[in-house]
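Trainee:
Numbering (my numbering), first residue to last: 172 to 301.
Following this line, the structure appears as structure tokens:
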């Protein structure tokens with residue numbers, strides 16, 4: 172059985188998980204510091220989430236660009252989103268202003284990549300999942 176991973180769906184899921192972590196976790200888990208658990212302001216966890224989003228997104232968008240649609244738009248949007256996430260980590264007082272465009276750019280990049288891969292029926296390789 173040949174298992175094929177939809178990297179765009181995985182990238183969207185990772186980006187949304189990051190957004191949920193950043194936006195909703197502080198609302199629901201404010202009592203965690205009482206138990207010695209601090210994942211809300213944990214820099215290691217934050218960079219790990221950004222790293223996962225980058226690795227999954229970079230692979231997915233590179234694959235789509237090279238083997239399917241050859242459009243730079245998803246890569247530019249994704250790069251903008253990752254830069255906004257890194258800016259969010261650098262300038263904490265502006266974190267909410269960077270988070271929304273970061274997630275919007277990353278999710279939009281994966282969605283556009285997904286759509287472009289489905290529309291173009293050239294340059295297919297054996298590892299395509301459609």
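C-beta: ideal position from N, C-alpha, C; glycine also.
1) In its own chain, which residues sit with a C-beta less than 7 Å from the C-beta of residue 178, not counting the 5 before and 5 after it?
2) Go to residue 217, then tell me how far its alpha helix (DSSP H) extends in each direction, as first and last residue.
3) If you reduce the DSSP assignment to three classes, tell me which class residue 190 lands in.
4) Nearest to residue 191 by alpha carbon, out of 180, 220, 214, 280?
5) Apply the 10 Å Cβ neighbour rule to residue 240 and answer buried if 16 or more other Cβ atoms are within range, or exposed otherwise.
6) Which term fits residue 176, buried or exposed, when burial requires 16 or more other beta carbons within 10 angstroms of its beta carbon?
7) Figure out for me which residue from 193, 263, 183, 280 has the closest Cα to the Cα of residue 242.
8) Looking only at its chain, what residues have a beta carbon closer than 6 Å to the beta carbon of residue 182, apart from the 5 residues adjacent to it on each side?
9) Using a 10 Å radius around the Cβ and a threshold of 16 neighbouring Cβ atoms, would you call residue 222 buried or exposed?
10) Give the single residue among 216, 270, 215 whose Cα lies nearest to the Cα of residue 253.
11) Going by DSSP in three states, residue 284 sits in which element: helix, strand or coil?
12) Return helix, strand or coil for residue 250, following the three-state DSSP convention.
13) May I have the straight-line CA-CA distance separating residue 286 from residue 238, to the nearest angstrom?
Mentor: If we stick to the structure as given:
1) Excluding sequence positions up to five before and after residue 178, its CB lies within less than 7 Å of the CB of 227, 230, 231, 234, all in the same chain and listed in chain order.
2) It spans 214-235 - the alpha helix (DSSP H) in which residue 217 sits, taken as one unbroken run.
3) Residue 190 falls in the helix class under three-state DSSP.
4) By alpha-carbon distance to residue 191, the top candidate from 180, 220, 214, 280 is 220.
5) Looking at its Cβ environment, which holds 16 or more other Cβ atoms inside 10 Å, residue 240 is buried.
6) That one is exposed.
7) The option with the nearest alpha carbon to residue 242 is 280.
8) Exclusion of the five residues before and after residue 182 leaves 227, 228, 231, 281 as the residues of its chain whose Cβ lies within less than 6 Å of its Cβ.
9) With fewer than 16 Cβ atoms within 10 Å of its Cβ, residue 222 is classed as exposed.
10) For residue 253, the closest of 216, 270, 215 by C-alpha to C-alpha distance is 270.
11) Helix, per DSSP.
12) Helix.
13) Looking at the two C-alpha atoms, the distance is approximately 14 Å.
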